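Novice:
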Amino acid sequence: MMNKFDEIFNATLNANHTIQVHVNKSYCNFFAKHFYLYCDDIRISELNIQDRRETGHHFHYVLTDVPALTIGAEYKIYDDRYLCCNLDMNVLLKDEKICSLYYTDEVMGAHYHKTFTTFRLFSPLAKSAYVVYEFNGIENILALEKNTDTGVFVGRVNGDLNKAKYYFLVRINGELVSVNDPCAKGLTSQSTKGVVVDFSSLKINMNDDKLPSFDAPTDAIIYELSVRDMTSMKGTSIRHKGKFLGLTETSCKSKNNNPIGLDYLKYLGITHVQLMPIFDFCTICDENPTESYNWGYDPLFYNTPEGSYSTNVSDPYSRIIELKKMVSTFHKYGIRVVMDVVYNHVFNLENSCFEKICPSYYFRYKEDGTPSNGSFCGNEFNSSHPMARKFIIDSCLHWVKEYGIDGFRFDLMGLIDIDTINQIKKECSKLKPNFIIYGEGWDMPTTLSSDKMSKMYNANKMLEIGFFNDRYRDIAKGKSSDMELCVKGYLLGDYNYIDGFKHIFLGSCIPLAFPPLFNDASQSINFIECHDNATIYDKLKISNSFENEEAWLKRINMVNAMVLLSFGVPFLHAGQEIGLSKNGVHNSYNSGDQINHFDYDIMDQRWKMVNYVKDIISIRKKYPFFKIKDKNIISKMIEFKNLSEGGLLITFKQEYISPFRQVDIIINPSHNILKYEFDEYHTLIANENGSLHEGVHLKLLQANPLSINITFKD
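Just so you know, we're using our numbering here: the sequence shown kicks off at 18 and counts up by one.
(1) Exposed or buried, what is E672 when buried is set at 16 or more other beta-carbons lying within 10 Å of its beta-carbon?
(2) Rounded to whole angstroms, what's the CA-CA distance from I94 to V40? Just pull it up for me.
(3) Check the DSSP bridge columns for C102 and list the partner residues they point to.
(4) Going by alpha carbons, who is nearest to S560 out of F522, G495, F584, K342?
(5) Are the CB atoms of F216 and E419 nearer to each other than 7 Å?
(6) What are the boundary residues of the beta strand (DSSP E) that C56 is part of?
(7) Using a Cβ-Cβ cut-off of 7 Å (strictly less than) and excluding sequence neighbours within five positions of G278, which residues of its own chain qualify?
(8) Quick one, which of L660, C547, E662, I645 has its alpha-carbon nearest M654's?
(9) Looking at the structure shown, is V124 part of a helix, part of a strand, or coil, going by DSSP?
(10) Between the Cα of Y455 and the Cα atoms of I674, V627, D357, which residue gives the shortest distance?
(11) So is G483 buried or exposed if we call it buried at 16+ other beta carbons inside 10 Å?
(12) Ends of the alpha helix (DSSP H) at M223?
(13) Shortest alpha-carbon distance to I422 belongs to which of F408, P462, M223?
(14) Under 7 Å, do L178 and F170 count as touching if we go by C-beta distance?
(15) Which residue's Cα is closest to the Cα of I622: Y512, G596, N607, I634?
(16) With which residues is S145 paired in a DSSP beta bridge?
(17) Quick one: what's got a C-beta closer than 6 Å to F296's C-beta in the same chain, skipping five residues either side?
(18) Could you tell me if Q540 is buried or exposed, where buried requires 16 or more neighbouring beta carbons within 10 angstroms of its beta carbon?
(19) Provide the residue span of the alpha helix (DSSP H) that contains D632, from first to last.
(20) What is the C-beta distance between F657 and I650, in whole angstroms, given that I count them as a contact (C-beta under 8 Å)?
(21) With a threshold of 8 Å, are at least 3 pairs of Cβ atoms found where one atom belongs to the segment 393-408 and the other to the segment 370-385?
(22) Just curious, the beta strand (DSSP E) that G172 is in, first and last residue?
(23) Can you list, in chain order, the residues of its chain with a C-beta nearer than 7 Å to that of L340? Leave out the 5 residues immediately preceding and following it.
(24) With M654 as the anchor, note down where its alpha helix (DSSP H) starts and where it stops.
(25) In whole angstroms, give me the CA-to-CA distance for A591 and G351.
(26) Per DSSP, what kind of secondary structure is N20 in: helix, strand or coil?
(27) For the alpha helix (DSSP H) containing G517, name the first residue and the last one.
(28) Can you tell me whether DSSP reads R60 as helix, strand or coil?
(29) Quick one: Cα of L665 to Cα of H714, how far?
(30) Excluding the 5 residues flanking R70 on each side, which residues of the same chain have their C-beta closer than 6 Å to its C-beta?
(31) So T328 is in the alpha helix (DSSP H); what residue range does that whole segment cover?
(32) Count the other CB atoms within 10 Å of the CB of A32; is the residue buried (16 or more) or exposed (fewer)?
(33) Can you give me the Cβ contacts of G168 inside the same chain, cut-off strictly under 7 Å, excluding the 5 residues immediately before and after it?
(34) In terms of alpha-carbon separation, which member of V124, T87, D166, T72 lies closest to S117?
(35) Per DSSP, which one or two residues make a beta bridge with K270?
(36) Between F535 and S635, what straight-line distance do the alpha-carbon atoms span, to the nearest angstrom?
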């Protein structure tokens, strides 16, 4: 346990191989003359006092002549009164060379077999480690054996430990720490202990055979949602509100008898749901989830589903089984599942199980020793360290193997190094060839060198990875930060952005008005709204306050149509299609169900908007030329023509759009009727009302205000 003098007498090894000592004057009111270094209670040297100084309540010393230290040994500093404190050696695991020495390919955490379970724990600095496991009401303790070459402690318990609870005791820097397993694949309620899981007993049919063919990322139509938000609205017929099982229920109807929940997603025709965090997160009470609210970007345990989303958190298998059922149900109806993962930071560094087990190893630090904070959440996970990278990769593979996940969306992906992301894509694609990975490739203020960041401006080093294209968002819709909501993009009425809009329509991979961002269109995740920032409806209330709600909703239809028709990967945020509001709360991560729930009453009122988006989705899915990703083909097949009233004509040329001779999209972002006469008769197949199933043959097109029109020439 912690030495009783540690609070008033402490010593820390520094990066320059000196030792810094602080002594509280309440312990000693005069300078010490000697300090001694002990290893495992044996004196090995006297240390030189290089510097000493005095402050109001402390004496401070810098000690030199420190001999080579053995990682995993236990060191103490004694003064000339022969009172001692433990030496904090955490700085050693900030050293890249030292970190590179320790690695294993073995399975970490609790690895279950029918007749035995193996426990492994990575902790190079630790002197000793134990697993405490509880089974059949009896608590047992097993000392783990350390492999000094890998820094891994390992032990084996014979017998069938299915559902056994466990945690670790680790002795580091002279202190015995009780800590949960960061690799735990099962948890008790409130994540207090790990649980040994027999996944072989939890196999269910994931219905992969029911999924339609999927050849390229541009075949995807991604729909972002929260499990809780999509099912939590009061008064609906969804029984399991806020739960995984809520998204397995069918035949649920709104007040107007329209489909809701899972049936609503099926009705829209989207190909992928992107689930906001479903791993175990911190700030929700598992037993009483309605007492608080959080989206889940506060990670706690990465390998176990969130307990508050299960119907019986007292049973550690409930959350596992119910998440599997949800994914299986999505697959049954032809919808793939993308998991939103937050490996870039943890909820709290100091209390993190990673930090307790392996201090300083799993996080990035600045030169002054303080944590790097590019996440603006107080810490950054150091994906470059070998066992940290292994943890992320193993975690990703676990979700694919056991839960049938079809893709990952990486939160603040720029904070993860390029090698890690590319390796995840490679390994996941071995399991699912059509696996997709994309993320927020923002350029964050991190200590990770710029050339190693998985950011958008390094897209040429990550050719199979997609990036949220904020250039698309800002040009099509306008700025999204709270201070810039008044700034309009092209589709909201600022025609100065018309050339920029041509660039983003082409997948931001062709030099037109801007240099290209991507190697091909499949890297561009085209979005104008996501869970962050104001919804487009709330932005329009500010940027287009001179218009009425009818005009706002027409503009929302226009924006949604162009997201779906542009080259690249279309992305929709739940409620974007019907103009849902967050009542002016722009960062609503903890604002509760009333602000964040999917409002099915408004869906009823705006059902025409639902059908409009459904129609445009059908058009994109039906015609392959909307999904071309090759920049060379795109640049040859598209022509633009500026029209009056800020309008834009986009023409698809014949040789790329068989069986048609020509396809045209006419955008009218103005409040006036825009007239355009074709050389020959065209068939109008879609306008502001959605698909025109009969088609209208015309030569003179009158594009109504705030509309998108699509014509074909047979």
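Glycine residues also receive a C-beta, built at the ideal position from the N, C-alpha and C atoms.
Predicted, not measured: the structure shown is a model, and the values here were computed from it.
Specialist: The structure says:
(1) Flag for E672 reads exposed.
(2) V40 has its alpha-carbon roughly 12 Å from the corresponding atom of I94.
(3) I94.
(4) When each option's Cα is compared against that of S560, the closest is G495.
(5) Yes. Within cutoff.
(6) Run containing C56: 52-56, per the beta strand (DSSP E) assignment.
(7) The beta carbon of G278 sits closer than 7 Å to those of M247, T248, I255, G263, L264, E266, C269, all from its chain and outside the five residues before and after it, given in chain order.
(8) Closest option to M654, Cα to Cα, is I645.
(9) In this structure, V124 counts as coil in the three-state DSSP scheme.
(10) Closest by C-alpha distance to Y455, out of I674, V627, D357, is D357.
(11) Buried, since its Cβ has 16 or more Cβ neighbours within 10 Å.
(12) For M223, there is no enclosing alpha helix (DSSP H), as DSSP marks it with neither H nor E.
(13) Comparing Cα positions, the closest option is M223.
(14) Contact flag unset, no.
(15) Reading off the sequence shown, one finds Gln at residue 622, where the question assumed Ile. A check of alpha carbon separations from Q622 across Y512, G596, N607, I634 identifies G596 as the nearest.
(16) R188, per the DSSP bridge assignment.
(17) If you ignore the 5 residues before and after F296, its C-beta comes within less than 6 Å of the C-beta of Y319, all in its own chain and listed in chain order.
(18) Classified as buried, Q540 has 16 or more neighbouring CB atoms from the shown chains inside 10 Å of its CB.
(19) It spans 624-639 - the alpha helix (DSSP H) in which D632 sits, taken as one unbroken run.
(20) The distance from the Cβ of F657 to that of I650 is about 16 Å, inconsistent with a contact at the 8 Å cut-off.
(21) Result yes; three or more Cβ-Cβ pairs closer than 8 Å.
(22) Note, G172: beta strand (DSSP E), 169-175.
(23) The residues F261, I295, P322, Y420, in chain order, have a CB closer than 7 Å to that of L340 in the same chain once the five nearest residues on each side in sequence are set aside.
(24) First-last of the alpha helix (DSSP H) with M654: 648-654.
(25) Spanning the two alpha carbons is a distance of roughly 18 Å.
(26) Bear in mind that a pLDDT of 44 at N20, under 50, signals an unreliable position, so the model cannot answer this.
(27) First-last of the alpha helix (DSSP H) with G517: 515-522.
(28) DSSP places R60 in strand when its eight states are reduced to three.
(29) If I take the Cα positions, the gap works out to 21 Å.
(30) Contacts found: H77.
(31) Unbroken run through T328: none, as it is neither H nor E.
(32) Counting other Cβ atoms within 10 Å of its Cβ, A32 stays below 16 and is therefore classed as exposed.
(33) For G168, the CB contacts under 7 Å within the same chain, skipping 5 residues up- and downstream, are Y119, F139, S140, P141 in chain order.
(34) Nearest to S117 by C-alpha distance, out of V124, T87, D166, T72, is D166.
(35) K270 has P276 as its beta-bridge partners, per DSSP.
(36) If I take the Cα positions, the gap works out to 26 Å.
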